[in-house]
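Just so you know, we're using the numbering used here here: the sequence shown kicks off at 318 and counts up by one.
Glycine is no exception: its CB is placed at the ideal position from the N, C-alpha and C atoms.
These figures come from a predicted structure and were not determined experimentally.
Notes for the one structure printed next.
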Amino acid sequence: MSSQNESLSRSLEGATRVAVLGVGSELRGDDGAGLVAIRELERICPDLVHECSLGVYWGSTAPENLTGTIRDFNPSHLVIIDAAMLGLPPGGTRVIARDEIGGVSFSTHRLPMNILIDFISATLSCAIVVVGIQPSQTGLCCDVDPRVAAGARTLAGEIADALRAIPREQVDCT
Numbered sequence: 318m319s320s321q322n323e324s325l326s327r328s329l330e331g332a333t334r335v336a337v338l339g340v341g342s343e344l345r346g347d348d349g350a351g352l353v354a355i356r357e358l359e360r361i362c363p364d365l366v367h368e369c370s371l372g373v374y375w376g377s378t379a380p381e382n383l384t385g386t387i388r389d390f391n392p393s394h395l396v397i398i399d400a401a402m403l404g405l406p407p408g409g410t411r412v413i414a415r416d417e418i419g420g421v422s423f424s425t426h427r428l429p430m431n432i433l434i435d436f437i438s439a440t441l442s443c444a445i446v447v448v449g450i451q452p453s454q455t456g457l458c459c460d461v462d463p464r465v466a467a468g469a470r471t472l473a474g475e476i477a478d479a480l481r482a483i484p485r486e487q488v489d490c491t
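The following block contains the structure:
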């Protein structure tokens, strides 16, 4: 098990319902990495969405607009995935501690990530986990770098593994 996978699994301990919010712009190359990850989650986890342990949300460049919808889902945990300058090779991923968020450069959405986290924290009573994916380039009208897309898909698989490890009797469908 990778240290990233272990960190993510630890962050999701005690989860009963998990919302995953993908952030970024598909028009800006690797900035769309969070959206690549949630697209992959939808593809590999239709069973988890159906059984209500997973909610997948396309935040794009205005993730704050989905807080009401996410609140209605009533997650125990919210995972936010976004491209972030982490100093890793392109496609590298890392859970970002809340106290680090102000010092990490995120991508092109309207609200800075630390303000988004504060807004969500005031609106939802759930654990918030932020995962960054290292971009290669975020130029306008660029394709997602294959290394970044691969990292996003791997992250989706790690999230799926962590969710599938939740005992079914622990899942809250209310």
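Going by DSSP, name the residue or residues bridged to Gly-339.
-> Trp-375, Ile-398
Helix, strand or coil for Met-318, going by three-state DSSP, please let me know.
-> Confidence at Met-318 is low in this model, with a pLDDT of 46, below 50, so its placement is unreliable and no value can be given for it.
Secondary structure, alpha helix (DSSP H): runs of 4+ residues fully inside the region 420 to 488 | 430 to 440, 463 to 481
Own chain residues within Cβ distance below 8 Å of Leu-358, not counting five before or after | Val-337, Leu-371, Val-373, Ala-473, Ile-476, Ala-477
Whole-angstrom Cβ separation of Asp-462 and Pro-407, contact assumed at under 8 Å?
-> 5 Å
Assign Met-402 to buried or exposed, taking buried as 16 or more other Cβ atoms, counted over all protein chains shown, within 10 Å of its Cβ.
-> exposed
At which residues does the alpha helix (DSSP H) containing Ile-413 begin and terminate?
-> Not the alpha helix (DSSP H): Ile-413 falls in the beta strand (DSSP E), residues 410 to 413.
Find out if the Cβ-Cβ distance for the pair Ala-479, Leu-325 is shorter than 9 Å.
-> yes
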